[in-house]
Amino acid sequence: MHRAGAPGLSRSGKPPESVISLNWSDIPQNRLNIPLTLTSGQCFRWEQTPEGEWYGAVGNSLVRLKPEEAGFWWETYPEPGRWDLIHRYFALDVDLEGLYAQWRRREPRIAPSLRRWAGLRILRQEAQEAFFAFHCATCNTVVKITRSVRALAQRYGEPICDLNGKTFYRFPDVKRLSDASERALREDLWGFRAPRVIASARHLRMQEPGWLESLRERPYREAHAELMRLEGIGAKVADCICLFALWHDEATPIDTHLWKIAVELYRPDLRGRSLTPALYQSAADLFRDRFGAYAGWAQQYLFLDALNAGRTYTT
DNA sequence: TTTTTGCCTCTGG
DNA sequence: CCAGAGGCAAAA
299 MHRAGAPGLS RSGKPPESVI SLNWSDIPQN RLNIPLTLTS GQCFRWEQTP
349 EGEWYGAVGN SLVRLKPEEA GFWWETYPEP GRWDLIHRYF ALDVDLEGLY
399 AQWRRREPRI APSLRRWAGL RILRQEAQEA FFAFHCATCN TVVKITRSVR
449 ALAQRYGEPI CDLNGKTFYR FPDVKRLSDA SERALREDLW GFRAPRVIAS
499 ARHLRMQEPG WLESLRERPY REAHAELMRL EGIGAKVADC ICLFALWHDE
549 ATPIDTHLWK IAVELYRPDL RGRSLTPALY QSAADLFRDR FGAYAGWAQQ
599 YLFLDALNAG RTYTT
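As structure tokens, then:
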């Protein structure tokens, strides 16, 4: 497992004027590609400035990042120097190179994707934000999910702090969402997903506090089954929540793209078949057999191939 | 078990 | 203008 040396606080050389107050981490882009990771469709609230800086809410903090090839500048607000936040959010304890080697042994055909998307990571996101954001993913586009999630945060979220004349918001808590109006959510483009968000918020509110986070400690299969009991959460959204909100790295969401890839790579006999619950299960198990405990991470590389054919991302 | 259909709304053919 | 978008659930 990789460890960031002195916890990201070391300074290298002379920082440019604009980043004079930022901290430096020497984790290079091929072990953490920030722009790629933040635009890979797993999170929806980061904003990039024309200067190439990234601003995003992580829990009740605002994180500011300026990536470079050899590492990245960073700061947190309002409490500065929270390297622990960044280390966890980007799952920097996970050894990417080791995963690549393991995956290539098991499935050599993944090699081009690993080159194309080198440094892509699965984020350790706040449970509730990812839980609700992926309610929005059913039959939707990343562009529209982004608009919907941001609108929701501005409408019902508590402000974190102001920076450069802009206010950044927390993701709304369950109480606010359970009292939200369906009409407001529909104005924010949630469409037929709006009542599902409110229903899920009410469900969470009826559980013990911390119930959602407690699913992180349960085995993946149990967490997945628990989520599927909620109205409006099927196998695919449950897997997105398991992977992105609950940090179950073996969860492999099978969307329409991954289904085609599974058919192409392993089951040409199923070409043209629709994705039934039984076939969903077998496809997901297939990827888990192939890629192991971090199959969800491998899935994200294959997903990006389909989502963004032709795009490569170095800085 | 599987396929079909409706559901919000935007975008690319 | 239509089909499809990181689906889901109800119905047959």
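Just so it is clear: in the first sequence, position 47 is 345 by the numbering used here, and no numbers are missing. A virtual CB, placed ideally from N, CA and C, is assigned to each residue, including glycine.
Coil, strand or helix - residue 471 by DSSP: coil
Tell me the rounded alpha-carbon separation between residue 412 and residue 599. 7 Å
What are the start and end residues of the beta strand (DSSP E) that includes residue 444? Counting along the chain, residue 444 falls outside any beta strand (DSSP E), though it belongs to the alpha helix (DSSP H) covering 440–454.
Taking only three categories from DSSP, how would you classify residue 612? coil
Does the Cβ of residue 303 have 16 or more other Cβ atoms within 10 Å, making it buried, or fewer, making it exposed? Confidence at residue 303 is low in this model, with a pLDDT of 37, below 50, so its placement is unreliable and the value that follows should be read with caution. The residue in question, residue 303, is exposed, as its Cβ has fewer than 16 Cβ neighbours within 10 Å.
Counted within 10 angstroms of its Cβ, other Cβ atoms place residue 444 as buried (16 or more) or exposed: buried
Distance between residue 322 and residue 437 (C-alpha atoms, nearest Å): 40 Å
Answer yes or no: do residue 328 and residue 417 have a C-beta to C-beta separation smaller than 8 Å? yes
Report the residue from 602, 325 and 378 whose alpha carbon sits nearest the alpha carbon of residue 390. 325
In three-state DSSP terms, what is residue 380? coil
List the endpoints of the continuous alpha helix (DSSP H) containing residue 463. Counting along the chain, residue 463 falls outside any alpha helix (DSSP H), and DSSP gives it neither H nor E.
Straight-line CA distance for residue 526 to residue 575? 12 Å
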